[in-house]
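From first to last, the protein sequence lines stand for chains A and B. First residue of the first sequence: 995, per our numbering; consecutive thereafter. First residue of the second sequence: 995, per our numbering; consecutive thereafter. Glycine included, C-beta positions come from ideal geometry on N, C-alpha and C. Working notes, structure below.
Number of protein chains: 2
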Amino acid sequence: MTSKPNAIVAQSGGPTTVINSSACGIIQQAMKSGKIGRVFAAVNGILGVLKEDLFDVSAEKPATIAALKRTPAAAMGSCRYKLKSLEQSKADFNRVLDVFKAHNIHYFFYAGGNDSMDTADKVNKLAADAGYELICMGIPKTVDNDLAYTDHCPGYPSVAKYVATCAMEAGRDTEALYTTDTCTILEVMGRNAGWIAAATGLAHRCEEDAPHLVYMPEAAFSFEKFVNDVNEVLKRLGRVFIVAGEGLKDEKGGYVTADAGAFAKDSFGHVQLGGVADMLKAVIEKEVKIKARVNKLGTNQRSAMHFASLTDVNEAYMCGQMAVKNALKGVNGKMVTLVREKGPILLRQGFGGQEYKCTTGLAELRDVANGEKKVPKEYINDRGNHITKAMKDYLRPLIQGEARITIDKDGLPVFMRFRKKPLKKKLPEYM
Amino acid sequence: MTSKPNAIVAQSGGPTTVINSSACGIIQQAMKSGKIGRVFAAVNGILGVLKEDLFDVSAEKPATIAALKRTPAAAMGSCRYKLKSLEQSKADFNRVLDVFKAHNIHYFFYAGGNDSMDTADKVNKLAADAGYELICMGIPKTVDNDLAYTDHCPGYPSVAKYVATCAMEAGRDTEALYTTDTCTILEVMGRNAGWIAAATGLAHRCEEDAPHLVYMPEAAFSFEKFVNDVNEVLKRLGRVFIVAGEGLKDEKGGYVTADAGAFAKDSFGHVQLGGVADMLKAVIEKEVKIKARVNKLGTNQRSAMHFASLTDVNEAYMCGQMAVKNALKGVNGKMVTLVREKGPILLRQGFGGQEYKCTTGLAELRDVANGEKKVPKEYINDRGNHITKAMKDYLRPLIQGEARITIDKDGLPVFMRFRKKPLKKKLPEYM
């Protein structure tokens, strides 16, 4: 190579509160390494690579790059474009390599979930076959916390801290107004894994505290048991606060929203539309005959930088840094993982007499791509309607500390935006 | 009176983030006055008075009372029980007076909206007719900000700060993922007044910033105009972030959710159920043919103490204090109001070269009961789809500062709860 090799950073899939914190770690570490030329960013993830829609992120102001650490969502842009097998998406994979070659890109840092790790792994293989020197490193990112080979995923702790706090706060609202608004259902994300729903269970510190019932996709959902659960809590407390993961499934593994049966039909016999919480509300109003309210945080839960976990922000940044450090040591085809209580102590916190140590490790991209981590049985209570102490112990250290954000004269947070001055294209148009 | 007169505090209607801050101001001011015997609290507002379901709040631990200032929702309990006219609810009104007499209560502090001010006013008249010495003071409380005679209502600034921040954050999520999730609709509270929706407009600091469209009940809603608005923003930015107040109305003043017409029918011809955002989502997916997501904060917006306005917490506390101070001076039948830039400076803040001064005033309970303050025309843009600079100038000072909360070893906020040791009943059962 005549000039220093360049690097590219891309963000993929649903944004999180801290995916930008990881990007910040990557960019700052790469820039100070002295071994990398320019650090490019792909606009809207892999779509930007395919379209050769890039910008020189190392040319952005240092203050902008620093502010990235405390800006939610994906500042470079993300996408849901999915590359399939090397055979099915051959043209796409070749194009990725062509773009890398055209811009002297020899380091590929990709933050995402298992589909993204799969893409990075395949790009890596293709480069090896073509004899093109390329190092591909994955950075874990998902609010769902469902990646295997890592203790937890950056993004999860912040959504966990936020939804648990939301359950506490809205729980107090229901507690105050239970004589009319007797039931509240908080719907949270998690189509396949119940980690986010599970996190709210930490807010339940005593019998009075919300949430009283927590339903996760890992525990088969039954309408009969649900109605019994609700009645049991009502009898005891006169109110009920319920958390439901959006992807609840019945004993056959089908989404309960798809076939709610007679339970969720309204008085005209129509099946209620909307999400799982709307359906549970209909069931409660029909079968238990109390008023139910629905809070659906939607994308607000994965972008709540105003109450993010400081531990999460720091660990996300560390993952970005370590991806670069490892890449520069010649490590290739791996995703950075978070490891609890092993190796040198990079982050250390004392709380409640316990100590939490988190460092990083490495996992094969292809292993992560094929893995999935659900909430284990021992984290869910026997009745399938709440979490256990083991889950609380797992979660507690992850949500320590509150990330500081800058507030301006409007009394609102300040987030950065890249200028995104387009890099001059060198290849013909592709898509 | 042989012993010092007692006071009673009650909380009414939908809770807010800071109604407890007002209660804290009342209780602490009453206890240190030396002129009041015991301070009682009604459990669940006027329902607790009717049921003689009271507790001695002045007997709670001082630390519990102090923590009330930073605990969301209504710690004494609230209700939606509505007393009608003196004739229609004669038995109820007489019962209120009987309970007050039985417990030597001569001060009634009632935090609520205009219905509560109406109740307080009527209790006051009944006492006067009966020759019973009673001072009734109202403390403004409503997230809706629709009370007349006060510059703004405690509770509103905190919900405003929170929803504006939520619009900023989820707006960044939409900005990152617009290639698939092109539209997000944030539904906020406000059945009759659009103050909460209007608040999110402050987050729109430049063309890129969410929200791009803000719909308030004060501006007649038209489906045709709505679809045009959405298309116009899409053409310009490639994405659109919409805020909708839950009580949008058409040109005839009917709720748009009640008669969405052909626009909101799904492919089976069913009218979509759910809130206004679900309906707008259906309209967008059918007419604009892009994917739309719905975030519905529900009761989380009115209980978000984790990001409350410090100005709001302090002003709410001040309202409670001033209710007691005025009552002890013999003022009766009034609600404490917040006055901007008049009178002695009790709160002062500098920001952006401007200065905000807020003190308190007094309004007749009966005037407040009959009034309603909507978002004025000059705060809404000509197209009826966003706010004006005047609205931003009104709002900005109210959301300055962030209330500090205590975080425990779990990494979650700590809120107080009263012991609520029941006061011994002296009267026969009523309801």
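Spanning the alpha carbons of Leu1048/B and Thr1353/B requires a straight line of approximately 32 Å.
Considering only beta carbons, the part of the segment 1060-1076 of chain A lying closer than 9 Å to chain B consists of Thr1065, Pro1066, Ala1067, Ala1068, Ala1069, Met1070, Gly1071, Ser1072, Cys1073, Arg1074 and Tyr1075, in chain order.
Along the length of the segment 1203-1244 of chain A, whole beta strand (DSSP E) runs at least 3 residues long occupy 1207-1209 and 1234-1239, reported in chain order.
Listed by position along chain A, the residues whose Cβ is nearer than 8 Å to that of Arg1287/B are Gly1292 and Thr1293. Per DSSP, reduced to three states, the secondary structure at Leu1406/A is coil, with no helix or strand assignment. Within the segment 1031-1042 of chain A, contact with chain B at the beta-carbon level (separation under 8 Å) is assigned to Asn1038 and Leu1041.
By the neighbour-count definition (other C-beta atoms within 10 Å, threshold 16), Gln1005/B is a buried residue. For Phe1412/B, the secondary structure class from DSSP, reduced to helix, strand or coil, is coil.
For Cys1160/B, the closest Cβ of chain A is nearer than 8 Å.
Contiguous alpha helix (DSSP H) elements confined to the segment 1139-1191 of chain A occur at 1150-1170, taking only those with 4 or more residues. The residues Met1111, Asp1112, Ala1114, Asp1115, Asn1118, Cys1130, Gly1132, Gly1327, Lys1328 and Met1329, in chain order, have a CB closer than 8 Å to that of Leu1359/A in the same chain once the five nearest residues on each side in sequence are set aside. Looking at the DSSP output, Tyr1075/A shares a beta bridge with no other residue. Looking at the backbone, the Cα of Glu1127/B and that of Leu1091/B are separated by about 11 Å. For Phe1235/B, no CB of chain A lies under 8 Å from its own CB, so it is not counted at the interface with that chain. Counting only Cβ-Cβ distances below 7 Å, Leu1332/A has no contacts in chain B at all, with the closest Cβ about 17 Å away. Under the three-state reduction of DSSP output, Cys1313/A falls in the helix class.
For His1198/B, the closest Cβ of chain A is not nearer than 8 Å. For Gln1005/A, DSSP records a beta bridge to Ala1105/A. With a cutoff of 8 Å on beta-carbon distance, Arg1287/A and Thr1178/A are scored as near each other. Annotated three-state conformation of Pro1056/A is helix, per DSSP. If you check the CB distance, Ile1021/B and Ser997/B do not come in under 8 Å. Around the CB of Asn1222/A, fewer than 16 other CB atoms lie within 10 Å, so the residue is classed as exposed. Pro1134/B is bridged by DSSP to Gly1106/B. Judged by DSSP in its simplified three-state form, Cys1200/B adopts coil rather than helix or strand. Put simply, the CB of Asp1047/B is far from chain A, with every gap to its CB atoms at 8 Å or more.
Under the Cβ distance rule, Ser1303/A counts among the residues neighbouring chain B, one pair being separated by less than 8 Å.
Between Ser1079/A and Ser1297/A, the alpha-carbon positions lie close to 31 Å from each other.
Taking a Cβ-Cβ cut-off of 9 Å, the neighbours of Leu1171/A in chain B comprise Gly1007, Gly1008, Pro1009, Asn1038, Ala1067, Ala1068, Gly1071, Ser1072, Cys1073, Arg1074 and Thr1293, given in sequence order.
Rounded to whole angstroms, the Cβ separation of Tyr1424/A and Glu1046/A is 7 Å, and the two are in contact under 8 Å. Looking only at Tyr1373/B, Lys1155/B and Phe1215/B, the smallest Cα-Cα distance to Lys1403/A is reached by Lys1155/B. Looking from the CA of Gly1184/A, the closest CA among Val1333/A, Thr1382/A, Val1137/A and Leu1417/A belongs to Val1137/A. For the set Asp1306/A, Val1408/A and Asp1109/A, the Cα lying nearest the Cα of Pro1151/A is the one of Asp1306/A. Per DSSP, Asn1289/B is one residue of the beta strand (DSSP E) stretching across Ala1286 to Lys1290. One alpha carbon belongs to Pro1056/A, the other to Arg1411/A, and they sit about 12 Å apart. Straight-line spacing of the CA atoms in Thr1065/B and Ala1310/B works out to 13 Å. One Cα belongs to Arg1199/A, the other to Ala1384/A, and the distance between them is close to 14 Å.
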